[in-house]
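Just so you know, the sequence shown maps onto residues 1 to 716 in the UniProt record's numbering.
Even for Gly, the Cβ is constructed at its ideal location relative to N, Cα and C.
The structure under discussion appears below in the form of structure tokens.
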Amino acid sequence: MSISVDVHLLSGKRAAVEVEADASVESLKRRAQSALAVPRRARLLKPSGEVLDGAQTIAEAKLMNGDVLTLHVKQVHIKATKQGGSAAFSAVLGDGSVVTWGDADCGGKSRAVQKKLPDVQQTQASVSAFAAILGDGSVVTWPHPDYWSYGGDSSAVQDQLTNVLQIQASCFAFAAILGDGSVVTWGSPEDGGDSSAVQDQLTNVQQIQASHAAFAAILGGGSVVTWGDVDRGGDSSAAQDQLTNVQQIQASADAFAAILGDGSVVTWGRANGGGDSSVVQEQLRDVQQIQASYQAFAAILGDGSVVTWGDADSGGDSSAVEEQLRDVQQIQASVNAFAAILGDGSVVTWGDARFGGDSSAVQNQLRDVQQIQASEYAFAAILGDGSVVTWGHTNCGGDSSAVQEQLRDVQQIQASYRAFAAIRGDGSVVTWGDAESGGDSSAAQDQLTNVQQIQASAGAFAAILGDGSVVTWPHPDYWSYGGDSSAVQDQLTNVLQIQASCFAFAAILGDGSVVTWGSPEDGGDSSAVQDQLTNVQQIQASHAAFAAILGGGSVVTWGDVDRGGDSSAAQDQLTNVQQIQASADAFAAILGDGSVVTWGRANGGGDSSVVQEQLRDVQQIQASYQAFAAILGDGSVVTWGDADSGGDSSAVEEQLRDVQQIQASVNAFAAILGDGSVVTWGDARFGGDSSDGSVVTWGDADCGGDIPDNLQRHIR
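Okay, here's the thing in structure tokens:
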């Protein structure tokens, strides 16, 4: 029996979708996405707003004929850390998962916390760490504290990080506002990571602003609490009596400026960084908004005039253009200069000429300016006709003459430290500036179609395409393999899924063929079996090899022959394969009749001959680093492989009854039984011994060695 449901987008677009009652919710979602022509990253919601479980059938989800459902399309959101010449990106995908890449020291590797990152709502970045807010209001941070960066380790406050609403970051610390209005901080104590001195004051917090090394919180009553480096805005005691009815706060590198309800301004922090506004205090009336460069501020007044203060070399002195600053609509800042758009669409600039403070060479072109973007050293203005005018350091984006003819119908511009990237109306991208900072996108140009938005790190760009995929440039010279797919880029079309070994990738295309790249020794070269890779359904990877299941249930393998890349000895047995599991150096395939075939390194689980007769009616297999554990239909378990990795479960064999699921650490297994109890085996140092019924952890806190107090009491 089939039913018809009405699925609509938030935009109002809708479609009637018919589906069988025994079909999955996931299949319904796919049909809806096809009918509504939206990307794959979406969620189906009930009228109540509850997310439907894709694994349920239509009947199990209790969907009825005529039900009205919402297809919620989630966008990809990207954040970047930036530290000197190093950088990293984190992308929150539509399904709430997170993908990271770039310098590991800056958070480019999130593998240690990846399993903790489901349903991510938003991320925030310090100079060298990321913090993610999950759907349940908890927070996950990385990289782990073995790296030099600050802010990546929140273990000391983890039990406090519940119901988090938003996070703000200084260079090396984070501050989180909780649902009850309190604040939790972590990271470098000197840079705002320690708020203990003002903790009692941090109640009913509405918003937080950060300088490079301090935080300022606006409370519900309009007062302000500050902490962090006292020389960089962390001490507001001298101005505390004035900080009443505060509406918003802006920050330079070393100072803060607060706009009060009456339009006046209060400043504090390093004097030559904008913390002393006494010289212009009488002029600071009816202030509408404030913009900051590195060490100066610029305030737009209600009459459209501008008042500036701070380091003159950072734009803190606008006296030379004061008469021109009339009817100012908005201000943009580079590191040491400002650019103001006037009501007539013209532009006035001031500050260090090397950073864009002198626009005289292009002044006649600056007409009907709609918006301005700034890199560290230059500015780029979009005009009403979609063309672009640039000025500032010629090597850092201030000279766009080489691409001027391409800069037509520009919709938006993004900037790295020393380059610009413009999105045109047709979804293509034009770049200019320092090539090593992303100013040269020629290597990725063919991929840059239907671009929706662009994010930038210090020296690279990441573009989100209409289908939710991401293209990055320039190509980083990282040590690892797999980051450069240029040799096969033309083949990477209609990609359905990607699998990765340690140093290579394998992509399944829509026509069932496979494209590989990366380290040839680790599976990046599939040329020897390319003719066999047709109608591929799924791919599994060991550390250095791949195994593909074809539509007929046969298997094709490639990569390191000692680590599962050669299945020739078992090829005749590999028929009607349903699924494959992989350890570091071996594979195990479940056949349609419930038996198992293994290959790869013998002591890594590739030889199951000792237990072969027991491997009947296998339902699922789990793998540790060098061993496998199979759950049989009667709830018992069969193990094989390296005994030190959990390959020998004889000591607990009698306890392994009615097993529901198994989880693995590197060298141990844990099985959940039907009654909710747990049986463990393998290396005790890796969790293989839970004999006293409680759990004790040790080692690196970011690898699970430290259980927060709020969890410890539940683990008994």
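With a cut-off of 8 Å, does the C-beta of Ser665 fall near any C-beta of chain D?
Within the model displayed, chain D is absent; a lone protein chain is all it includes.
DSSP puts Gly351 in a beta bridge; with which residues?
For the purposes of this step, residue 351 is taken as the residue at position 351 of the sequence shown. Bridge partners of Gly351: Ala337.
Which first and last residues belong to the alpha helix (DSSP H) in which Ser4 is found?
Start at 1 with the first residue of the sequence shown, and residue 4 comes out as number 4. Run containing Ser4: none in the alpha helix (DSSP H); it sits in the beta strand (DSSP E), 2 to 8.
For Ala255 versus Thr244, is the C-beta distance shorter than 8 Å?
Working through the sequence shown from its first residue, we reach residue 255 at position 255. Working through the sequence shown from its first residue, we reach residue 244 at position 244. Not a contact, by the Cβ cut-off of 8 Å.
Would you list, in sequence order, the uninterrupted beta strand (DSSP E) runs of no fewer than 3 residues that lie entirely inside the region 232 to 290?
246 to 251, 255 to 260, 265 to 269
Grouping DSSP H, G and I as helix and E and B as strand, with all else coil, what is Val17?
The sequence position of residue 17 within the sequence shown is 17, counting from 1. If DSSP states are grouped into helix, strand and coil, Val17 belongs with the strands.
Could you check whether Ala257 and Gln247 sit closer than 8 Å to each other, using their CB atoms as the reference points?
Position 247 of the sequence shown, counted from the first residue, corresponds to residue 247. Position 257 of the sequence shown, counted from the first residue, corresponds to residue 257. No; because the gap between Cβ atoms is not below 8 Å, this pair is not in contact.
Return the CA-CA distance between Asp146 and Asp385, expressed in angstroms with no decimal places.
Here residue 146 refers to the residue found at position 146 of the sequence shown. Here residue 385 refers to the residue found at position 385 of the sequence shown. Per-residue confidence for Asp146 stands at a pLDDT of 46, beneath the threshold of 50, marking its modelled position as unreliable; the derived number appears in the next sentence. So the alpha carbons of these two residues sit roughly 51 Å apart.
Following the continuous alpha helix (DSSP H) through Leu28, name the residue where it begins and the one where it ends.
Stepping through the sequence shown from its first residue, residue 28 is reached at position 28. Start and end: 25 to 36.
Hey, Ala506 and Ile539: beta-carbon distance below 8 Å or not?
In the sequence shown, residue 506 corresponds to position 506, counting from 1. In the sequence shown, residue 539 corresponds to position 539, counting from 1. Closer than 8 Å, so yes.
For Gln491, which residues in the same chain have their Cβ closer than 7 Å to its Cβ, ignoring the five residues on either side in sequence?
Counting from one through the sequence shown, the residue named residue 491 turns up at place 491. Here the set comprises Val515.
Quick one: grab the DSSP three-state call for Arg685.
If you number the sequence shown from 1, residue 685 lands on position 685. Correct three-state label for Arg685: helix.
Determine the direct distance from the alpha carbon of Gly559 to that of Val198, and round the result to whole angstroms.
Taking the first residue of the sequence shown as 1, we reach residue 198 at position 198. Taking the first residue of the sequence shown as 1, we reach residue 559 at position 559. If I take the Cα positions, the gap works out to 58 Å.
According to DSSP, is Gly510 helix, strand or coil?
On the sequence shown, residue 510 is found 510 positions in, with the first residue counted as 1. Of the three classes helix, strand and coil, the one that applies to Gly510 here is coil, per DSSP.
Could you give the first and the last residue of the continuous beta strand (DSSP E) run that contains Leu165?
Taking the sequence shown and counting its residues from 1, one reaches residue 165 at position 165. Here the beta strand (DSSP E) through Leu165 covers 164 to 169.
How would you call Asp434, buried or exposed, if buried means at least 16 neighbouring beta carbons within 10 angstroms?
The residue given as residue 434 occupies position 434 in the sequence shown. Asp434 comes out buried.
Just verifying my parser: in three-state terms, what is the DSSP assignment at Gly604?
Taking the first residue of the sequence shown as position 1, residue 604 is located at position 604. Helix.
Tell me, which residues are paired with Leu44 by DSSP?
Start at 1 with the first residue of the sequence shown, and residue 44 comes out as number 44. DSSP lists Leu71 as partners of Leu44.
State buried or exposed for Pro47, treating a residue as buried only when at least 16 other CB atoms are found within 10 Å of its CB.
Counting from 1 along the sequence shown, the entry for residue 47 is found at position 47. The residue in question, Pro47, is exposed, as its Cβ has fewer than 16 Cβ neighbours within 10 Å.
Relative to the alpha-carbon of Ile3, which residue among Ala422, Val19, Gln445, Arg14 has its alpha-carbon at the smallest distance?
If you number the sequence shown from 1, residue 3 lands on position 3. The shortest C-alpha separation from Ile3 is found at Val19.
Leaving out five residues on either side along the sequence, give the residues of the same chain with a beta carbon under 8 Å from the beta carbon of Trp186.
Locating residue 186 in the sequence shown gives position 186, where the first residue counts as 1. These residues qualify, in order along the chain: Thr141, Gly151, Asp153, Ser154, Ala156, Val157, Ala173, Phe174, Gly193.
Go ahead and label Ala402 buried or exposed: buried means 16 or more other beta carbons lie within 10 angstroms of its beta carbon, across all protein chains shown.
In the sequence shown, the residue the question calls residue 402 occupies position 402. Ala402 should be labelled exposed.
What residue ranges within the region 373 to 454 form continuous alpha helix (DSSP H) runs of no fewer than 4 residues, ordered along the chain?
none
How about Val347 and Val328: do their beta carbons lie closer than 8 Å?
Locating residue 347 in the sequence shown gives position 347, counting from the first residue. Locating residue 328 in the sequence shown gives position 328, counting from the first residue. Cβ distance not < 8 Å, so Val347 and Val328 don't count as in contact.
Where does the unbroken beta strand (DSSP E) through Leu550 begin, and where does it stop?
Here residue 550 refers to the residue found at position 550 when the sequence shown is read from its first residue. Element bounds for Leu550: 545 to 550.
Enumerate, from N- to C-terminal direction, the unbroken beta strand (DSSP E) stretches of 3 or more residues contained entirely within the region 195 to 232.
205 to 210, 214 to 219, 224 to 228
Check this for me: beta carbons of Ala588 and Gly605, under 8 Å apart or not?
Position 588 of the sequence shown, counted from the first residue, corresponds to residue 588. Position 605 of the sequence shown, counted from the first residue, corresponds to residue 605. Closer than 8 Å, so yes.
In the structure shown, what three-state DSSP assignment does Val652 receive?
Counting from 1 along the sequence shown, the entry for residue 652 is found at position 652. Residue state, collapsed to three classes: helix.
Separation of Phe503 from Thr639, as counted between CA atoms:
To locate residue 639, count along the sequence shown from 1; it is residue 639. To locate residue 503, count along the sequence shown from 1; it is residue 503. Rounded to the nearest angstrom, the two C-alpha atoms are 28 Å apart.
Nearest to Ile382 by CA position, among Thr394, Asp358, Asn364, Arg408, is which residue?
Reading the sequence shown from its first residue, position 382 is the one you call residue 382. Nearest of Thr394, Asp358, Asn364, Arg408 to Ile382, Cα basis: Arg408.
Measure the CB-CB distance between Ile218 and Gln168 and report whether it falls below 8 Å.
Position 218 of the sequence shown, counting from 1, holds the residue named residue 218. Position 168 of the sequence shown, counting from 1, holds the residue named residue 168. No, the pair does not count as a contact, with Cβ atoms beyond the cut-off.
According to the neighbour-count rule (16 or more other Cβ atoms, all chains shown, within 10 Å of its Cβ), is Gly135 buried or exposed?
In the sequence shown, the residue the question calls residue 135 occupies position 135. Counting other Cβ atoms within 10 Å of its Cβ, Gly135 stays below 16 and is therefore classed as exposed.
Selection from Asn450, Asp566, Tyr625 that minimises the alpha carbon distance to Val529
On the sequence shown, residue 529 is found 529 positions in, with the first residue counted as 1. For Val529, the nearest C-alpha among the options comes from Asp566.
For Gly687, collect the residues of the same chain with a Cβ closer than 8 Å to its Cβ; drop the 5 residues on either side in sequence, then sort them by chain order.
Here residue 687 refers to the residue found at position 687 when the sequence shown is read from its first residue. Only Ser665, Ala668, Ala670, Thr680 meet the Cβ criterion.
Evaluate Gln578 with the Cβ neighbour count: other Cβ atoms within 10 Å of its Cβ, from every protein chain shown; 16 or more gives buried, anything less gives exposed.
Taking the sequence shown and counting its residues from 1, the one referred to as residue 578 is at position 578. It is exposed - the Cβ of Gln578 has fewer than 16 other Cβ atoms within 10 Å.
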